[in-house]
Amino acid sequence: MIATVLSQKYNTLKTQGNFNNELGLPLTVFRLRQEHEIAVLEMGISDFGEMHRLAKIA
1 MIATVLSQKY NTLKTQGNFN NELGLPLTVF RLRQEHEIAV LEMGISDFGE
51 MHRLAKIA
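For the sequence shown, position 41 matches number 41 in UniProt numbering, and the numbering has no gaps at all.
The following block contains the structure:
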């Protein structure tokens with residue numbers, strides 16, 4: 001929903017589907033291009049410490 005609102009004004013990259021884990025998040029980050037003005041990255045966690053690892057990737 002946030003990405004939809006932001007994309008009305010900005011060239012926005014967002015996480016596709018449920019690519020919100022330690023494998024999917026880097027795939028989204030690698031899709032970043034010079035023309036993107038904003039990235040909305042979804043991060044899903046299931047274990048202690050996972051958010052810290054995902055935040056370091058982002």
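Ideal placement from N, C-alpha and C gives every residue a C-beta, glycine not left out. Here the structure is a predicted model, which means the values were calculated and not measured.
Indicate whether residue i and residue j have their beta-carbon atoms separated by less than 8 Å.
i, j, result
"Ala-3", "Leu-25", "no"
Residue i and residue j look like a contact to me (Cβ under 8 Å); what is the Cβ gap, rounded to whole Å?
i, j, result
"Glu-35", "Asn-11", "5 Å"
"Leu-13", "Ala-39", "5 Å"
Which class does residue i belong to by DSSP, given the choice of helix, strand or coil?
i, result
"Ala-3", "helix"
"Leu-13", "strand"
"Ile-38", "strand"
Quick one, which of the options has its alpha-carbon nearest residue i's?
i, options, result
"Arg-53", "Glu-22, Thr-28 and Met-1", "Glu-22"
"Gln-16", "Arg-31, Val-5 and Leu-6", "Arg-31"
Going by DSSP, what residue range makes up the beta strand (DSSP E) through residue i?
i, result
"Lys-56", "Not the beta strand (DSSP E): Lys-56 falls in the alpha helix (DSSP H), residues 50-57."
Terminal residues of the continuous alpha helix (DSSP H) containing residue i?
i, result
"Gly-24", "24-30"
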